[in-house]
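Engineer: The structure's right below; bear with me while I get my questions together.
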Amino acid sequence: VDTQISTIPSGSLALDAALGVGGYPRGRIIEVYGPESSGKTTVALHAVAEVQKRGGTAAYIDAENAMDPAYAEALGVDIDSLILSQPNTGEEGLQIADTLIASGAIDILVVDSVAALVPRAEIDGDMGDSHVGLQARLMSQALRKLSGNISKTKTIAVFINQIREKVGVMFGNPETTPGGRALKFYSTIRLEVRRAEQIKQGSDVIGNRVKL
């Protein structure tokens, strides 16, 4: 049994220290979740840049079709060597993820985002059709298969997830993450990202501070 955990820096010294092992552990699943526009994609892109800096190969499944190449490059990502996929359905995205991980040819895979991995039945169905639990089943089935290959090939798998509010919750926390319970179960690390405050230069907003 390999007791030495191999890691890749997150791109933040403070986060590496907080993680306790000096970065993201190889062969593990990491969930990065938080509200809209809180900095989740930025956190994931920093990890991609760190892998590439060390000569590794990165893959990015852009299920949201929202990847901004100029922004990614500003964070240090080499877009030309990034394996980028924009799948049409959740099944297609997860199949691509499985193929890439099983190949052993990549060091990090980012899925952006779980909420955008919409099952084929929902895309092909009519407006108003009920698809309760479909996405949760899809994620559960996929993660059962992916987790073994992730561990075997020592790939870092980062799943970006959004926070949604449960309707009609009177007591306790109404916030939940899409995709069912499987991702929580399979994740070694769950990072919650929240926007803390704006960084200003005079009256211009030049960035955001985030809490992890």
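The sequence shown begins at 1 in UniProt numbering and counts up one residue at a time.
C-beta atoms are modelled at their ideal positions from N, C-alpha and C, and glycine is treated no differently.
Consult DSSP for residue 62 and reduce its assignment to one of helix, strand or coil.
Structural biologist: Here residue 62 is taken as the residue at index 62 of the sequence shown, counted from 1. Reduced to three states, the DSSP call for residue 62 is strand.
Engineer: Of all the beta strand (DSSP E) runs that stay within the bounds of the UniProt domain "RecA family profile 1" (4-163), which reach a length of 3 or more residues?
Structural biologist: Taking only runs of at least 3 residues, the beta strand (DSSP E) segments lying wholly in the UniProt domain "RecA family profile 1" (4-163) are 29-34, 58-62, 83-85, 108-112 and 156-162.
Engineer: If you follow the beta strand (DSSP E) that residue 181 is part of, which residue opens it and which one closes it?
Structural biologist: One-based indexing of the sequence shown puts residue 181 at position 181. First-last for residue 181: undefined, no H or E at that position.
Engineer: As a quick exercise: from 45, 145, 117 and 148, pick the residue whose alpha carbon is nearest that of residue 136.
Structural biologist: Residue 136 sits at position 136 when you count from the first residue of the sequence shown. When each option's Cα is compared against that of residue 136, the closest is 117.
Engineer: Taking 8 Å as the threshold (C-beta atoms), are residue 139 and residue 182 in contact?
Structural biologist: By one-based count along the sequence shown, residue 182 stands at place 182. By one-based count along the sequence shown, residue 139 stands at place 139. Yes, these two residues count as a Cβ contact at 8 Å.
Engineer: What does a CB cutoff of less than 8 Å around residue 62 pick up in its chain, not counting 5 residues either side in sequence?
Structural biologist: Sequence index remark: in the sequence shown, residue 62 carries index 62 (1-based). Cβ within range, chain order: 84, 85, 86 and 112.
Engineer: Rounded to whole angstroms, what's the CA-CA distance from residue 44 to residue 11? Just pull it up for me.
Structural biologist: As a working mapping, residue 44 is identified with position 44 in the sequence shown. As a working mapping, residue 11 is identified with position 11 in the sequence shown. About 9 Å.
Engineer: To the nearest angstrom, report how far apart residue 29 and residue 141 are at their CA atoms.
Structural biologist: Here residue 29 corresponds to residue number 29 of the sequence shown, with the count starting at 1. Here residue 141 corresponds to residue number 141 of the sequence shown, with the count starting at 1. So the two alpha carbons sit approximately 15 Å from each other.
Engineer: Can the beta-carbon of residue 49 be found less than 8 Å from the beta-carbon of residue 21?
Structural biologist: The count along the sequence shown starts at 1 and reaches residue 49 at position 49. The count along the sequence shown starts at 1 and reaches residue 21 at position 21. Going by C-beta atoms, residue 49 is not nearer than 8 Å to residue 21.
Engineer: Sort 58, 42 and 47 by Cα distance to residue 233 and report the nearest one.
Structural biologist: Examination of residue 233 is not possible in this model, given that the chain is present from 1 through 212 alone.
Engineer: At a cut-off of 7 Å, would you count residue 192 as near the ligand FMN, judging by its Cβ distance to the nearest heavy atom?
Structural biologist: As for the ligand FMN, it is missing from this structure, which has no ligand bound.
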